[in-house]
Amino acid sequence: MTTLHRIVNPDSLPKPVGFSHVMVASPGRTVYLGGQAALEADGFTVMPGGLVEQFDRSLSYIVQALEAVGGSPEDLVSMQVFITDAADYRANLRNIGKIWQARIGRHYPAMTLLQVSGLLYPELLVELLATAVIPD
């Protein structure tokens, strides 16, 4: 599926790598995806593994939630990535990028990466919050 959303990366801004500066959403249904973290089915147990494994699980939940309402990864217009350790994220950029391309492809919504002091459970290393617009 080809997105109808328009990506704008002004030449006056630094070159974006792995995100877009501006995403102009097409008319459609706006979908707000709640924060997704690497929790097991019970909703309380944090899955084993490090940042890369947790990012993969969290991103898979974003895709599943979007598909549940008839959307696809190309409908993502905005994403916030909350992490507890920016150095760990930078050290794993290559593997995180591979996961992104496997699950989302080469579609990069407007994104922000935020380091936070903690998430709901101390073992959580990443949480994703996203907005999508499913075009009419």
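The numbering of the sequence shown is our numbering, which starts it at 8 and goes up by one. Glycine included, each C-beta is placed from N, C-alpha and C at the ideal position.
Span separating the alpha-carbon of residue i from that of residue j
i	j	result
Pro80	Leu100	20 Å
Arg97	Lys22	17 Å
Thr138	Ala93	23 Å
Asn153	Gly57	Only positions 8 to 143 of the chain appear in this structure, which leaves residue 153 out of reach.
Tyr68	Leu20	31 Å
Glu47	Val76	21 Å
His28	Glu130	31 Å
Gly78	Ile90	26 Å
Cβ of residue i within 7 Å of any chain B Cβ
i	result
Val88	Note that chain B does not occur in the displayed structure, where there is just one protein chain.
Residue environment, residue i, which counts as buried when at least 16 other CB atoms sit within 10 Å
i	result
Met8	Unreliable placement is indicated for Met8, whose pLDDT of 46 sits below 50; the coordinate value is still reported in the next sentence. Met8 comes out exposed.
Gln71	exposed
Ala25	For the record, residue 25 in the displayed sequence is Gly; it is not Ala. Result: exposed.
Gln108	exposed
Asp18	exposed
Leu127	exposed
Among the options, nearest to residue i - alpha-carbon criterion
i	options	result
Arg110	Ser65, Val31, Gly77 and Leu127	Ser65
Asp95	Val29, Val133, Gly77 and Lys105	Val133
Met30	Leu127, Pro116 and Leu135	Pro116
Gly42	Ser85, Ala32 and Ile14	Ser85
Gly104	His28, Glu130, Arg13 and Phe62	Phe62
Is the stretch 116-124 touching the stretch 50-57, taking contact as three or more C-beta pairs under 8 Å?
no
For the stretch 126-142 and the stretch 35-44, state whether three or more C-beta atom pairs, one from each stretch, are separated by less than 8 Å.
Touching, per the Cβ criterion.
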